[in-house]
Amino acid sequence: MINVGVITASDRGAVGEREDISAKVIIDMLKAIDGNVEDYRVLPDDKEILKNAMLEMCQKNIALILTTGGTGLSSRDNTPEATLEVIEKEVPGIPEAMRQKGLAKTPHAMISRARAGIRGQTLIINLPGSPKAVRENLEVILPALPHAVEVLKGEVTDCAR
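Following my numbering, the numbering of the sequence shown begins with 701 at its first residue and continues without gaps.
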């Protein structure tokens, strides 16, 4: 089982003005990799609040943190910046794969600023805010996540098999 934290970055969602459908998609899709959501938060698009939530989840030994929202170009989109302040190493292949797959469907995929990286034994990945884009992006990366988590936990010592 993979313990997961989900953070939705949404000013309107944080005050109850918008239903968080994207997180529901994430939670549903995580069943395919035996993911168990242990921490779920809907937070405003505030860099410090998002950063602190990620740090708290890392301290709780959450193996995988998935964020949704806040990866676009608006002045309130702060998720990538918060993520960069938390991670110790980037994992650029994850957002590259998501953008590559997304470009096959829409040119808007190229304006995603999503990031992925690790802090200690936690993998953090930014997903877009729309439920459709969340589903499309998770479909690309989901097969790689169990192995990534196993490597981070030290459960895989020889990746050359």
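Note that CB positions come from ideal geometry on N, CA and C, so glycine has one too.
Could you tell me which uninterrupted alpha helix (DSSP H) segments, each at least 4 residues in length, are contained entirely in the region 711-746, listed from first to last along the chain? Unbroken alpha helix (DSSP H) stretches of 4 residues or longer found wholly inside the region 711-746: 711-714 and 721-729, given in chain order.
Paired residues, beta bridge with residue 789 - DSSP: Note: residue 789 sits in a beta bridge opposite 818.
Taking all protein chains shown into account, do 16 or more other C-beta atoms lie within 10 angstroms of the C-beta of residue 807, making it buried, or fewer, making it exposed? The residue is exposed, with fewer than 16 neighbouring Cβ atoms inside 10 Å.
Should residue 741 and residue 706 be called a contact, given that it needs their Cβ atoms to be closer than 9 Å? Yes; because the gap between Cβ atoms is below 9 Å, this pair is in contact.
Hey, would you say residue 813 sits closer than 9 Å to residue 854, going by beta carbons? When the beta-carbon positions are compared, residue 813 and residue 854 stay at least 9 Å from each other.
Give a yes or no on whether the minimum CB-CB distance between residue 759 and chain C is below 9 Å. Note that chain C does not occur in the displayed structure, where there is just one protein chain.
Determine the direct distance from the alpha carbon of residue 822 to that of residue 758, and round the result to whole angstroms. For residue 758 and residue 822, the gap between their C-alpha atoms comes out near 6 Å.
Return the first residue and the last residue of the beta strand (DSSP E) that residue 811 is part of. Looking at the DSSP string, residue 811 is not in any beta strand (DSSP E), and its letter there is neither H nor E.
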